[in-house]
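Peer 1: Its first residue numbered 10, the sequence shown is counted upward by one per residue in this note's numbering. Backbone N, C-alpha and C define an ideal beta-carbon position, used for all residues, glycine too. For reference, the structure I am asking about is given below.
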Amino acid sequence: QVQLVESGGGLVQPGGSLRLSCAASGIMFSTYAMGWYRQAPGKQRELVATFTSRATINYSDSVKGRFTISRDNAKNTVYLQMNSLKPEDTAVYLCNAVPLLAGSYYWGKGTLVTVSS
Numbered sequence: 010q011v012q013l014v015e016s017g018g019g020l021v022q023p024g025g026s027l028r029l030s031c032a033a034s035g036i037m038f039s040t041y042a043m044g045w046y047r048q049a050p051g052k053q054r055e056l057v058a059t060f061t062s063r064a065t066i067n068y069s070d071s072v073k074g075r076f077t078i079s080r081d082n083a084k085n086t087v088y089l090q091m092n093s094l095k096p097e098d099t100a101v102y103l104c105n106a107v108p109l110l111a112g113s114y115y116w117g118k119g120t121l122v123t124v125s126s
C-alpha cells in the first residue's frame, strides 16, 4: 500500500519559515520524481516545486528564491524548506510522486500552512 504522509505545516507569521516533510512508503522512492503542490481555498491546485525526470528542479515563479525542495532517498522523504513566507502562501500543501517509468502517480492528503499575523 502506497502512502505519502506530509507533516510540518502550521501557523506562521509573515516573514517566517517552515519545513515540510513528506515520508513515502510502498514505492521504490528513488524511481519517482517527487514534488510539492498547494491548493488555497477556492483556488485550483498549483505546482510549488518538483524534481523532474531529468533530475532537475522546477519552481513556481511565486516561490523562486524563497522555497527549496530537497530529498533524502535513504529516508524515502522529500522536504520543502519555505522561507520569507507571505500570507498568499497560505494553502494545503500536498506531496506528489510521479514514476520515472510507467506506472501510477500518487498524492498525499496534505498539510495546512497558514501565514498570518
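Okay, do the region 40-52 and the region 99-117 touch, 3+ Cβ pairs below 8 Å being the bar?
Peer 2: With a cut-off of 8 Å, the region 99-117 and the region 40-52 count as touching, because enough Cβ pairs lie within range.
Peer 1: List the DSSP bridge partners of phenylalanine 38.
Peer 2: Answer is none; phenylalanine 38 lacks a bridge partner.
Peer 1: Look at the Cβ atom of leucine 94, then the Cβ atom of proline 23, and state whether they are nearer than 8 Å.
Peer 2: Yes.
Peer 1: Relative to the C-alpha of methionine 30, which candidate in Thr99, Thr65 and Ile78 has its C-alpha closest?
Peer 2: The sequence given here has serine at residue 30, not methionine. Here the closest residue by C-alpha is Ile78.
Peer 1: Checking 8 Å against the spacing of the C-beta atoms, do alanine 32 and threonine 120 come in under that value?
Peer 2: For alanine 32 and threonine 120, no; Cβs fall outside 8 Å.
Peer 1: Kindly list the residues whose CB is nearer than 7 Å to the CB of valine 72, restricted to its own chain and excluding five residues on each side of it in sequence; keep chain order.
Peer 2: Result list for valine 72: Val57 and Ala58, in chain order.
Peer 1: Can you give me the C-alpha to C-alpha distance between glycine 117 and alanine 83, rounded to a whole angstrom?
Peer 2: Roughly 19 Å separates the two Cα atoms.
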